[in-house]
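Undergrad: With the UniProt record's numbering, the residue at position 839 of the sequence shown is 839, and numbering never jumps. Every residue, glycine too, gets a C-beta built ideally from N, C-alpha and C. Once you've had a glance at the structure underneath, I'll fire off some questions.
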Amino acid sequence: MPTRTAHLNVTGMSCANCSASIEDALDDLDGVASANANYATDEGSVEYDPEEVSLGELFDAIESAGYGAVSQTVSVAITDMSCANCAEANADALESTPGVIEATVNYATDEAQVRYNPADASLEDLYDAIESAGYSPVREGSGSGGDGEGSGAGAGAGDSGQDARDAAREEEIRKQLRLTLFGAVLATPLLAFMTDHLLFGGEIFPETVFGVSFGWVQFLLATPVQIVLGRPFYRNSYKALVTNGRANMDVLIALGSTTAYVYSVASLSGAIAGGLYFDTAAFILVFITLGNFLEARSKGQAGEALRKLLEMEADTATLVDEDGTEREVPLDEVAVGDRMKVRPGEQIPTDGVVVDGQSAVDESMVTGESVPVEKESGDEVVGSTINENGVLVVEATKVGSDTALQQIVRTVKEAQSRQPEIQNLADRISAYFVPAVIVNAVLWATVWFLFPEALAGFVDGLPLWGLVAGGPGAAGGGVSVFEFAIIVFASAVLIACPCALGLATPAATMVGTTIGAGHGVLFKGGDVLERAKDVDTVVFDKTGTLTEGEMELTDVIAFDREGNPIPDGGTASRADSGEGDLAASDTDRLGENDVLRLAAIAERGSEHPLARAIVDGAEERGLDVSEPEAFENVPGHGVRATVAPDHLDGGSEVLVGNRKLLRDNGIDPAPAAEEMERLESEGKTAMLVARVPAGTNDGRLAGIVADADTVKPSAADAVAALRDRGVDVMMITGDNERTARAVAERVGIDPENVRAGVLPEDKSDAVEAIQADGRQAMMVGDGVNDAPALAVAYVGTAIGSGTDVAIEAADVTLMRDDPLDVVKAIRISDATLQKIKQNLVWALGYNTAMIPLASLGLLQPVLAAGAMAFSSVSVLTNSLLFRRYEPDRDYELLGRLR
1 MPTRTAHLNV TGMSCANCSA SIEDALDDLD GVASANANYA TDEGSVEYDP EEVSLGELFD
61 AIESAGYGAV SQTVSVAITD MSCANCAEAN ADALESTPGV IEATVNYATD EAQVRYNPAD
121 ASLEDLYDAI ESAGYSPVRE GSGSGGDGEG SGAGAGAGDS GQDARDAARE EEIRKQLRLT
181 LFGAVLATPL LAFMTDHLLF GGEIFPETVF GVSFGWVQFL LATPVQIVLG RPFYRNSYKA
241 LVTNGRANMD VLIALGSTTA YVYSVASLSG AIAGGLYFDT AAFILVFITL GNFLEARSKG
301 QAGEALRKLL EMEADTATLV DEDGTEREVP LDEVAVGDRM KVRPGEQIPT DGVVVDGQSA
361 VDESMVTGES VPVEKESGDE VVGSTINENG VLVVEATKVG SDTALQQIVR TVKEAQSRQP
421 EIQNLADRIS AYFVPAVIVN AVLWATVWFL FPEALAGFVD GLPLWGLVAG GPGAAGGGVS
481 VFEFAIIVFA SAVLIACPCA LGLATPAATM VGTTIGAGHG VLFKGGDVLE RAKDVDTVVF
541 DKTGTLTEGE MELTDVIAFD REGNPIPDGG TASRADSGEG DLAASDTDRL GENDVLRLAA
601 IAERGSEHPL ARAIVDGAEE RGLDVSEPEA FENVPGHGVR ATVAPDHLDG GSEVLVGNRK
661 LLRDNGIDPA PAAEEMERLE SEGKTAMLVA RVPAGTNDGR LAGIVADADT VKPSAADAVA
721 ALRDRGVDVM MITGDNERTA RAVAERVGID PENVRAGVLP EDKSDAVEAI QADGRQAMMV
781 GDGVNDAPAL AVAYVGTAIG SGTDVAIEAA DVTLMRDDPL DVVKAIRISD ATLQKIKQNL
841 VWALGYNTAM IPLASLGLLQ PVLAAGAMAF SSVSVLTNSL LFRRYEPDRD YELLGRLR
């Protein structure tokens, strides 16, 4: 294969060295002939051999070097697919298109998720690739751009084109219904004739009609059915065999119906001696078309919840101009920074922050929580949620494809395109299924033709032989050997159902991910949905996950120069007495407010929740908390700051943190040991405060400040529910051992399962250590420092209110701050995999049982066609019943598979 050249739009370059780094990263890949990156234009080009290296690997190499390559991700609806083989054909056609990074096609949703390089490919190229494979894309507006950082998780084309998709699906349902009714009208007289022939020996209908043989009447009725209903199957069979070089379900249907029809025509014309099977040929197509109608309608119902979610989006917004003028505009005209008035009962048009007013907001469509949430100035709100009471003025912070609603829809669609590993089994079977069925049918037809008496003797004793095959006798009740071989061939190809196998996994996955979205649990892929059920250990971060993350100042203790705590009502501080600044020698006279003020000034430069609680507590006491002259964060230990001379003569260096921070700076924390232990045993986070006067090395312990975090009300219930499922629960925190164990005891975690004092950069190592002995761990966190741990965990789960970095690194996102949703995620995973197994058992069991029956001549072709249609519809129906599942309880079904 000749080499290709990929043109790239590169982000993140800041100098010529960046260009060299990117070129080196690309040159290191096997198959890359040359690579160039231009810092001045932010562009690059790579000449590569697609047989040795993929476009996706080129993008990964650029990201690994610390830069980004712009990509786009779109969702394209596809019509005319009849089985999993059709989905594979489309995926192959898309992935062979220059500029396409990766493509997945979901037969259950009739959609393709395609990530491509916009510098080398366009949406029109994707449409052309699908058409070249013999299928029809639903053409719509182009998708939104990638994120510019290489991941390219754009919103996709599905948002603006949802109406086009719905229209295409509705048209497909109407078309299949019209074809079914057309075929049924013409086939009904054939059914009457078949009934007369089987039950009454042909005594009801005359042999001729107006001098014309009744066989020709059957021919006139069956031929339009063969042409009109058979045309899609013939067309798709041609495309499958000639264009894509693979057989699909349409090939089986075309073979079965055509065999019956051509044999009947040959018999009617006198070319061969045998019976007429026009009724069989017609009813094969009618039953299959009826099955296609039911399948199309079921697919529409399976995606109904997602479409309803999109329909909840507001159409307009009431903007408030700077002069107070109100005007109503379409939603797509709202920009970030615009202010919107939302009256009681109205939808909040887009994501934003409340700048005026107070109300309760129904967020159930996003979080699944039915209780409205109180909102006031400064609170964030989500677009499309309902304002229950009170008037709110909201400033837009996210619009269009960036809103939470659109991100939810995009995440669910991407999840539905990423199939579980169990789908690989079905895909491998489907790849060889149709050829194997055809070979089996030819083999048994040949065997029946060559050895009819031996086989007839074997099956004559079966109870249904006379009823199904048309009566006793060699080779099937009096029909010729050749005729019966034809019946066996048609039945054997028609009874097989690859579409049921193809639908088993994606149909259940589609429903499972939608159930999750409706309950505030977003899975990034079907593969994640599969893994979550195997989790045997859940590792919680403490702050913001098991606890509210809203720290409050609880204790301030001052120490004298000898290291003794000053009792309440002891030496007053100069700040309290109004005597002015403290001299360097007056450390022993620092009171509680002095200690608190020093700690607050030092922590003012930190964004940590513990620091904010100290600053807020000082300000609530009316203390003057100004900016420090210098500030240094000591990760995992505390902070060091320089306090200006206007607070202490000559200024001071102030340390606020743990015992190690003081020891590293030559200050003995031992005098505070007893008080620290007491506070930590109460579940509080205690921090030592030390002061080093300017110009001296005389560092002294000044006091202790302590914060407390409230445990979330559902934390204990979540831990109990996980332990009831046999899941081991652990906790990782940077807090000290005593505080961590106190919180663990309150929520029901075994103290032995607490990992305390873990530095942010070490959390991922801690998770890897937990998994080193074979555990499959789910890490649950919310902060930036949790992102590496989320990435290395078997399943990473981010609290939805956490940082974007944590959510990006996670496999599962919980839209609420409720630890119980961790249990929901595992339950949904378990229930979905059980449903997939039920579907696969049905699909595989059906084929395993029915193909031998047809091969032995125990099924007539028309019955085989009806059974084939029923198989795929039953798989979809079983998946649709799953929509009733509520993840507040485990999925229980009599005889369920584990």
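1. Could you give the DSSP three-state label for residue 612: helix, strand or coil?
2. Quick check on the burial criterion: 16 or more other C-beta atoms within 10 angstroms. Buried or exposed for residue 389?
3. Looking only at its own chain, which residues have a Cβ that is under 6 Å from the Cβ of residue 54, when we skip the five neighbours before and after it?
4. Could you say which of 10, 3, 660 lies nearest to residue 34 if we only look at CA atoms?
5. Terminal residues of the continuous beta strand (DSSP E) containing residue 330?
6. Measuring straight from C-alpha to C-alpha, what distance separates residue 703 and residue 547?
7. Cα separation between residue 406 and residue 339?
8. Would residue 795 be called buried (16 or more neighbouring beta carbons within 10 Å of its own) or exposed?
9. Pairs of beta-carbons, one from the region 841-859 and one from the region 516-530, closer than 8 Å: are there three or more?
10. In this structure, does DSSP put residue 557 in helix, strand or coil?
11. Using the Cα positions of residue 147 and residue 66, report the straight-line distance between them to the nearest angstrom.
12. Here's a check: name, in chain order, each residue in its chain whose Cβ is nearer than 7 Å to the Cβ of residue 28, leaving out the five neighbours to either side.
13. Have a look at 109, 738, 115, 231 and flag the residue whose alpha-carbon is nearest the alpha-carbon of residue 502.
14. Leaving out five residues on either side along the sequence, give the residues of the same chain with a beta carbon under 7 Å from the beta carbon of residue 281.
15. Shorter than 7 Å from the beta carbon of residue 538 to some beta carbon of chain D?
16. Measure the alpha-carbon distance for residue 812 versus residue 882 and round it to whole angstroms.
17. By the three-class DSSP mapping on this structure, what secondary structure does residue 763 have?
18. Candidates 57, 77, 78: which alpha carbon is nearest residue 68's?
19. Short of 8 Å in beta carbon distance, which residues of its chain neighbour residue 352, apart from the five on each side in sequence? Order them along the chain.
20. For residue 736, does the three-state DSSP call read helix, strand or coil?
21. Is the region 742-756 in contact with the region 721-731, if contact means three or more CB pairs nearer than 8 Å?
22. Which partner residues of residue 137 appear in the DSSP bridge assignment?
23. Looking at residue 538 and residue 778, is the spacing between their C-beta atoms short of 7 Å?
24. What ranges does the alpha helix (DSSP H) occupy inside the region 775-840, keeping only unbroken runs of at least 4 residues that lie completely in it?
25. Tell me, please, which residues DSSP counts as bridged to residue 47.
26. Looking at the unbroken alpha helix (DSSP H) that takes in residue 238, where does it start and where does it end?
27. Taking the continuous beta strand (DSSP E) assigned at residue 375, which residues delimit it?
28. Residue 402 and residue 553: beta carbons closer than 7 Å?
29. According to DSSP, simplified to helix, strand and coil, what is residue 572?
30. Between 712, 693, 443, 566, which lies nearest to residue 551 when the distance is taken from Cα to Cα?
31. What whole-angstrom Cβ distance do residue 507 and residue 871 have, given they're in contact under 8 Å?
32. Would you say residue 406 touches the ligand ADP, meaning its beta carbon is less than 6 Å from a heavy atom?
33. So the beta strand (DSSP E) residue 634 belongs to, where does it begin and stop?
34. Mapping DSSP to helix, strand and coil, what is residue 131?
35. Smallest Cα separation from residue 320: which of 328, 493, 615?
36. Mind reading off the beta-carbon distance from residue 23 to residue 37? Whole number of angstroms is fine, and I expect it under 8 Å.
TA: For this structure:
1. helix
2. exposed
3. none
4. 3
5. 326-330
6. In a straight line, the C-alpha of residue 703 is about 26 Å away from that of residue 547.
7. 20 Å
8. buried
9. no
10. Three-state result, residue 557: strand.
11. Reliability fails at residue 147, whose pLDDT of 39 lies under 50, so the model's placement of it is uncertain and the value that follows must be treated cautiously. One C-alpha to the other measures close to 15 Å.
12. none
13. 109
14. 222, 226, 257, 260, 261, 264
15. The structure shown contains no chain D; it is built from a single protein chain.
16. 21 Å
17. helix
18. 57
19. 340, 380, 381, 383, 394, 395, 396, 397, 398
20. Reduced to three states, the DSSP call for residue 736 is coil.
21. Between the region 742-756 and the region 721-731 there are three or more inter-stretch CB-CB distances shorter than 8 Å, so the stretches are counted as touching.
22. 78
23. yes
24. Correct list: 787-792, 804-809.
25. Per DSSP, 5, 34.
26. 231-238
27. 373-375
28. Cβ atoms of residue 402 and residue 553: not closer than 7 Å.
29. Bear in mind that the predicted position of residue 572 carries a pLDDT of just 40, short of 50, making it too unreliable to give a figure here.
30. Measuring from the Cα of residue 551, the nearest candidate turns out to be 712.
31. Going by Cβ atoms, the distance from residue 507 to residue 871 rounds to 13 Å, so no, they are not a contact pair.
32. This structure lacks the ligand ADP; in fact it carries no ligand of any kind.
33. 630-634
34. helix
35. 328
36. 5 Å
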